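In my numbering, the protein residues as written are 3 to 164.
Structure, rendered in structure tokens:
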């Protein structure tokens, strides 16, 4: 999942794995009992949204020993963003305690950027837009990894080890 897909992966996981009935994004349901996706804290009280999106290239710090690290082969990457909503920090612990891995974060640790489920063949989502930097001969590692995992699975190969 990319951007909104990343956010909906968090919503689905919160509802169906963490048991947070009614979990949602405040973009979709402002009255959700579990706002697992919410406006960035510094924008919560901004009345006129205008140019308040998180736009452009931002650094992402990747945890070693994760699928993200294997795909990007780097501890730091820069990817392009276009969003206002984020994973609510109040829910990070319950999501992680139930098996969700946040493998990429902002350098200051205030934002989650990449998630994965290590027990799945390939489950990877990013808050950023890797497609903006992809080129025909140099696809973004997230896309390359997804397509490669589809082919590997079709060929009956085991899930790659991290």
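By construction, the Cβ of each residue, glycine as well, lies at the ideal position given by its N, Cα and C atoms. Since we're looking at a predicted model, the values are computed, not measured.
- The three-state secondary structure of residue 46, taken from DSSP, is coil.
- Looking at the DSSP output, residue 140 sits in a beta bridge with 137.
- Residue state for residue 32 is assigned as coil, using DSSP reduced to three classes.
- Under the DSSP assignment, residue 17 falls in the alpha helix (DSSP H) whose first and last residues are 6-18.
- DSSP lists 58 as the beta-bridge partner residues of residue 83.
- Between the segment 138-151 and the segment 64-76, the count of Cβ pairs shorter than 8 Å is three or higher; the stretches touch.
- The beta carbons of residue 63 and residue 107 sit closer together than 7 Å.
- Taking the C-beta atoms as reference points, residue 130 is found nearer than 7 Å to residue 83.
- One Cα belongs to residue 162, the other to residue 55, and the distance between them is close to 36 Å.
- Boundaries of the beta strand (DSSP E) harbouring residue 118: 114-118, taken from the DSSP string.
- Of the residues assessed, residue 41 falls on the buried side of the cut-off, its CB having 16 or more other CB atoms within 10 angstroms.
- Under DSSP, residue 78 forms a beta bridge with 63.
- Residues 12, 13, 16, 22, 25, 26, 27, 89, 90, 93, 97 of the same chain have their beta carbon placed closer than 8 Å to that of residue 38, with the five preceding and five following residues left out of the count.
- For residue 113, the number of other beta carbons within 10 angstroms of its own is at least 16, and it is reported as buried.
- Annotated three-state conformation of residue 153 is helix, per DSSP.
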